[in-house]
Structure formats: structure tokens, C-alpha cells
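Top line first, the protein sequences correspond to chains A and B. The first sequence lines up with residues 1 to 304 when you count with the working numbering. The second sequence lines up with residues 1001 to 1304 when you count with the working numbering. Here a beta-carbon is modelled for each residue, glycine too, at the ideal position from N, C-alpha and C. Everything on this sheet refers to the single structure shown next.
Protein chains: 2
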Amino acid sequence: MPDTVIALDIGGTKVAGAVVDRQGMLLRREQVATNAAAGPYTLMATIIALATRLRDAFPGVAAIGVGSAGQIDHLTGRVIYANQHLPGWTGMEIGRRLGAALALPVAVDNDVNAMALAEVTHGAGKGRRVVIVAAVGTGIGGAIVLDGHLFRGASGVAGELGHIPLAAAGPRCVCGNRGCLESYATGPRIAAAYARAAGLERPIALPEVVTRALNGDKAAHLAFARAGERIGRALAGLVNTLNPDAIIIGGGVMAAGDLLLPPLRAALRRHSLGPACSAVVALPAALGTDAGLIGAALLARQRE
Amino acid sequence: MPDTVIALDIGGTKVAGAVVDRQGMLLRREQVATNAAAGPYTLMATIIALATRLRDAFPGVAAIGVGSAGQIDHLTGRVIYANQHLPGWTGMEIGRRLGAALALPVAVDNDVNAMALAEVTHGAGKGRRVVIVAAVGTGIGGAIVLDGHLFRGASGVAGELGHIPLAAAGPRCVCGNRGCLESYATGPRIAAAYARAAGLERPIALPEVVTRALNGDKAAHLAFARAGERIGRALAGLVNTLNPDAIIIGGGVMAAGDLLLPPLRAALRRHSLGPACSAVVALPAALGTDAGLIGAALLARQRE
């Protein structure tokens, strides 16, 4: 199979790997636990073993593409920064190590960048020219895709939608600032907002908040409505500035897309100017959990 | 002079015209009153007469570049929307009329786009790759310049920095929304904020507020500090998202740049993430009032 590449998607819970053809079809898929607690070198060995198994099954693979959680230097394939979900992962030279072990060209990028590339090439953003992608989960990541290419900015860190300021003060964000979008609208923040409103002693899991909202719990509904309003308002500033033709929203919290999207779209309309507003659609991501693998394969195609 | 173009800068008060060489030098400059009250066709005749005089003085000019106030369709050279400062200007086919009258290729764009192109090519943004330009005056306009080219977005209306939302509610903006950057930080809004704080019956002119601030008037100083904070906070969202290497601030209010820039830079630092923040500088525009003409000449170069 000369026309295939290996795709890897490295997250805090699992590492997925696949052999992917030129159409973005997954020919073989494997998944293993990340087991982050065992440390970065054990994780790297796990990844190399997974990639080797896939390569041995499809000896003709031409390249490897990797999407990893954390901030990634895509030019060197090194992890610039990873948070507590991947302890010790900061500094890991994913590209060099994988390349040396398998003797294949390797492209490494952030997992949200990979997902965004997949959605614009094969998913919800197909045919769109100026696309903003937001991934709403434990945090809020993002990416900008212009004419099918990731826009990286001047030093490679473009796309941090989660830290758009929505208030001068506001809640403390994980980044240290106050009032960032991410301090209002992530899964944990939505669950916490619901717990406060409902007078719970501690937050319940987000899927339970979803169930309560769908069963008519007004406080649960409001927690999603407020998060959607914040995301829409933050995105409106980008709509006015970048004039995109599509916004794609993915990430774990989009399991509650029906609760989140209507208030998000209403805020987007309210806070964006007519000509820019009428040019854009806000769509849920279409490729589901395999978007990261499909995008990693696209990254690999750039290194064949 | 075969290597020259005609540049025109159309504003609500004056129309400036110049013959510009390849280095961006103004070989001959003329200026006439806009006299907007006389209506759009009188204004168009004034512009054609000015361009004709310049062409007759330099018969070898190769093209015409125009920067005009208002929203401009740069593909057709038509005014999409102009406000009350240029009554009737909406719909004017500047490009077609000038081209027919002078039998030269014509490029037309928004005056802030022209200024931005000039600053990135010959001014404060020279050598920068990802540049955000803000023009703070009666309103707040903006432009994005990527690798030396204006970024126009999906439908040509990118760059409307003035309508980035800073608050869910907030003061009513001219666009109809609430809490836009422009509802806080323009010249008239700064003058109004000072008048309220100082207990004046009506706002005084902005240069007078500047003088008072420089003479130690705390309320005047605070009016600029608050505006600078708002501009910096709005720009921080773009720094996190676009990762620019330069922000250039121009427009009439930058006559008070020494009052505006320090709080602007402080807010930019406070609300932007470390890696993106360390990649960017915020600089005052360098080309002064001729930036519009120099930029219009650059637009013309694209149509030679």
C-alpha cells in the first residue's frame, strides 16, 4: 500500500493510531491507554510500538503524522508545553524519536490543529476558505485554516481562542489572567456553574448536567446557554476581524451541541456586523472522534 | 515619468492627490476640500479634475490608486457603504468613473486598508509578517496585513476591529450593538468620558483634553488610560488568536499616543498569553498623514 500514511493522535487518556489512505479512510485503527502516570519515556515507547505495529502491517507507508495534546513546535516536532494531563511531556522530541525509530518522515502538530485540518479538508468546513475552528472540552483550543492551510501566526502559536478576554476582571483562568473565554465556557466550568446555581455541594459530571437540561432543569439549561453566549461573543470579535465563511465547533462539550449552539449563534449574530455576519455559518464538527487521526494523516501528507 | 502612479485619498474633509514614484516618494501633492454637502457627483467631478491635473503634469503615469473613507468593494471599486460624513457616497462606482475619465487602470480600497499597506511596506511595520493595524479616530478602523498583502476575509470585510465586543451590555455603539470597542475608545468617546468625569456641561475638543492631561488633570489622564486599556484588551484577543509580530496604531487620536500607548501596552501584556505576547510589538504609525496616499500608490502598483 504505497499510498498510505500512519496517523497518531496522542491525548491524556488514550493514544490512537491508524493507517490512512489518500481519501482519509482509516484502513486499520488501534488504540491504547496513554498511562501518562508512567512518565514520558514509557509513553514514547508505547507510541513507537504502536507505530511499528502499524508499519509492519502496511509496509509501504510513506510518512507519519502526529497530533498531540500540548503546544507543539511543528517545525521541529518538539513539545513546547504540555499540562498536567501529560506530566513530563514538555520538551519531548516526538518527531525526532519517531523518525529515528521508524526511519520515516514525521510531521507533528497540536491535536486541535490536526482536527481543524481534517474538518476543513474532509468535514464540516469542506470548500470553505476562511475557517475558525474551536474545540471546547476541558479547555478551549482553536485553529485558523486559510485556503486549506493552517495559519500559524508569526511564531507558531496562533489559534488560542480560549484566552480571548471577555471581561477586564472576571474569574481566574488557568493561564493566570482573568475573564478569558476559557474561564467561563469549558466542560468543568459549565458543570461548576450548574452546581452553584443548583446549590450542589460539588459539581456533577457534564453528561449528567446535559441529561438534566434535556429533562427540563432550568439551571442546567442556563449553564449551557451562558457558556454558548460567551463562546458566541468571543467568536463575534473574530468574525468582525477575520470575516470567516465558517466557524466549526468541536470538542467533548459538543456532545451538548443542541444546548450550546443556539445561544452561541444568537450571540454571534448580536455581536457581529451585518456584512461579516451574513458571510459566516457556525457548524458542529462533522468527523467525530476520528478527526484527530484524519488530520494527522493530512499532516503526514505534507512530509511524504 | 513612466514609473509613477496617481494616488488619491478621499476623506470627509479633504481629498488629497499625489504623483508617487516606485519608492513611495510624493513627487507632486495637491489637496482640495471634499465639500461633501455638494453631493456625491460634485465630489466625483472634483476627484476626476484633481486626477486629470496630476496626469497632465506627469503624462506617463501608469495607474491610479484610491483610498476612500467607507466600506469599499475592492474588486469593483464601488462604495458599499459610506456614513453621514460622505452623504450619497454609498453606491458610487469610483473605479469605473475614474477609469472611464482618465483611461487608466484604477484600484480602489478603504482608506484604512491603504494606510495599513503603506505602514507595512514603508513604515512602522516594515519587515513584519503578521501585522494588525488599528486606526483610532472618530471611529476605530483596522486592517490585517499578512506577508505584505491585505487579508480581506471571505467576503472582503475583514479588519473591523472597532466592533470587537468588550462587554455583553455596555454603551450603545453606532453599529447598533452594545459594548463594542468603538463604543469606548474613539476620540469623541474619550472627550465625552472626560466631560462626564470633570462635570462639564458638554465635551471639549480632544486636543484640549490632551493638553489638560499633560498639565496634570487626573480625569483627563484617566479618560485616555481607560481608552488605552480597552484598545489593548481588544487587541489581546487578536494577539492570542493571530499571533502577530506587530500591531500598528494610527489615526487622529494617536496625536495623544503618549497618553494612550502605555495603558494600551499594559492591557495587551496582561490579557495575552506569554508566547504570543513576547512575539509582538505595539508601535505608533510612522508615516503620518501621507500614509493614505502612499498606500493608494501601492494599490495602484497592483493594477499597473
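(message) Suppose the cutoff is 6 Å on Cβ atoms and the five residues either side in sequence are ignored; what does the same chain contact list for A1220(B) look like?
(response) So the qualifying residues of the chain are Y1194, V1209, R1212, A1213.
(request) Check whether the stretch 1265-1272 of chain B touches the stretch 1104-1115 of chain B, counting contact only when three or more Cβ pairs, one atom from each stretch, lie closer than 8 Å. (result) Taking 8 Å as the limit for Cβ pairs, the verdict is that the stretch 1104-1115 of chain B does not touch the stretch 1265-1272 of chain B.
(message) Output needed for G170(A): all residues of its chain with C-beta closer than 7 Å, excluding positions within five of it in sequence on either side, in chain order.
(response) The residues are R178, G179, S183.
(request) Output yes or no for whether 8 Å exceeds the beta carbon distance between F1058(B) and V1019(B). (result) Yes, Cβ-Cβ distance for F1058(B) and V1019(B) is below 8 Å.
(request) Taking L242(A) and A1158(B) to be in contact with their CB atoms under 8 Å, please state how far apart those CB atoms are, rounded to whole angstroms. (result) Here L242(A) really is in contact with A1158(B); their C-beta atoms are around 6 Å apart, less than 8 Å.
(message) Please classify M1025(B) as buried or exposed, where buried requires at least 16 neighbouring CB atoms within 10 angstroms.
(response) It counts as exposed.
(request) Entirely within the stretch 140-209 of chain A and at least 4 residues each: give me those alpha helix (DSSP H) ranges in chain order. (result) As far as the stretch 140-209 of chain A is concerned, its whole alpha helix (DSSP H) runs of at least 4 residues are 182-185, 187-198.
(request) Would you kindly check if the distance between the Cβ of E229(A) and the Cβ of P263(A) is under 8 Å? (result) Yes.
(request) Residues of the stretch 234-245 of chain A with a CB closer than 8 Å to any CB of chain B: list them in chain order, please. (result) If the cut-off is 8 Å between Cβ atoms, the stretch 234-245 of chain A has A234, A236, G237, L238, N240, T241, L242, N243, P244, D245 near chain B.
(message) At the level of alpha carbons, what is the spacing between A236(A) and L161(A)?
(response) Approximately 12 Å between the Cα atoms of the pair.
(request) Kindly list, in the order they appear in chain A, the residues whose Cβ is closer than 7 Å to that of H1149(B). (result) Ordered by position in chain A, no residue passes the 7 Å Cβ test against H1149(B), which lies about 12 Å from the chain.
(request) Starting from V136(A), follow the beta strand (DSSP E) in both directions and report where the run begins and ends. (result) Taken as a continuous stretch (DSSP letters only), the beta strand (DSSP E) holding V136(A) covers 130-136.
(request) Return no unless some Cβ of chain B is closer than 8 Å to the Cβ of G91(A). (result) Chain B, which has no Cβ nearer than 8 Å to the Cβ of G91(A), makes this no.
(request) Kindly indicate the opening and closing residues of the alpha helix (DSSP H) around G1065(B). (result) Here G1065(B) belongs to no alpha helix (DSSP H); instead the beta strand (DSSP E) covers 1064-1068.
(request) List the residues of chain A whose Cβ lies closer than 7 Å to the Cβ of E1182(B), in chain order. (result) Taking the beta carbon of E1182(B) as reference, no residue of chain A falls within 7 Å; the closest one sits roughly 10 Å away.
(request) Rounded to whole angstroms, what's the CA-CA distance from T42(A) to G251(A)? Just pull it up for me. (result) Rounded to the nearest angstrom, the two C-alpha atoms are 27 Å apart.
(message) Could you tell me the alpha carbon to alpha carbon distance between L166(A) and K126(A), rounded to whole angstroms?
(response) Going from the Cα of L166(A) to the Cα of K126(A) covers about 30 Å.
(message) Any beta carbon from chain B within less than 8 Å of A225(A)'s own beta carbon?
(response) False, the Cβ-Cβ gap to chain B never drops below 8 Å.
(message) Please state the DSSP three-state secondary structure of D9(A).
(response) Residue state, collapsed to three classes: strand.
(request) Would you list the one or two residues that DSSP bridges to D21(A)? (result) Answer by DSSP bridge pairing, in chain order: T4(A).
(request) For R55(A), count neighbouring Cβ atoms within 10 angstroms of its own Cβ and tell me buried if that reaches 16, exposed if not. (result) Around the C-beta of R55(A), 16 or more other C-beta atoms lie within 10 Å, and the residue is accordingly described as buried.
(request) Measuring only between beta-carbons, confirm whether I204(A) sits less than 8 Å from chain B. (result) Using a Cβ-Cβ cut-off of 8 Å, I204(A) does not count as an interface residue toward chain B, since no Cβ of chain B sits closer than that to its own.
(request) Quick one: list the residues of chain A neighbouring A1154(B), beta-carbon separation under 7 Å, in chain order. (result) The contacting residues are R129, V130, N243, P244, D245, A279.
(request) Could you name the residues that DSSP lists as bridge partners for D109(A)? (result) Listed as beta-bridge partners of D109(A) by DSSP are G67(A).
(message) Which residues does DSSP list as the beta-bridge partners of A1016(B)?
(response) D1009(B), Q1031(B).
(request) Identify the continuous beta strand (DSSP E) that holds L50(A) and give its terminal residues. (result) Taken as a continuous stretch (DSSP letters only), L50(A) belongs to no beta strand (DSSP E), being part of the alpha helix (DSSP H) at 40-57.
(request) Specify the secondary structure class of V120(A) as computed by DSSP and reduced to three states. (result) Assignment of V120(A) by DSSP, reduced to helix, strand and coil, places it in the helix class.
(message) Between P262(A) and chain B, is the shortest Cβ-Cβ distance under 8 Å, so that the two count as touching?
(response) Taking CB atoms only, P262(A) has no neighbour in chain B less than 8 Å away.
(message) Considering just the uninterrupted stretch of the alpha helix (DSSP H) at P284(A), what are its terminal residues?
(response) DSSP places P284(A) in no alpha helix (DSSP H) but in the uninterrupted beta strand (DSSP E) bounded by 281-284.
(request) Would you please state the rounded distance, in angstroms, between the beta carbons of A234(A) and I164(A)? I believe it to be under 8 Å. (result) Sure, about 4 Å apart at Cβ, within 8 Å.
(request) Could you check if S68(A) is buried or exposed, using at least 16 other CB atoms within 10 Å of its CB as the buried criterion? (result) Classification for S68(A): buried.
(request) Could you pull the start and end residues of the beta strand (DSSP E) that R78(A) belongs to? (result) Counting along the chain, the beta strand (DSSP E) containing R78(A) begins and ends at 78-81.
(request) Determine the direct distance from the alpha carbon of I1231(B) to that of T34(A), and round the result to whole angstroms. (result) T34(A) and I1231(B): Cα-Cα distance of roughly 43 Å.
(request) Closer than 7 Å by beta-carbon distance: list the chain B residues that pair up with I164(A), in chain order. (result) Counting only Cβ-Cβ distances below 7 Å, I164(A) has contacts in chain B at G1237, N1240, T1241, in chain order.
(request) Following the continuous alpha helix (DSSP H) through G250(A), name the residue where it begins and the one where it ends. (result) Not the alpha helix (DSSP H): G250(A) falls in the beta strand (DSSP E), residues 246-250.
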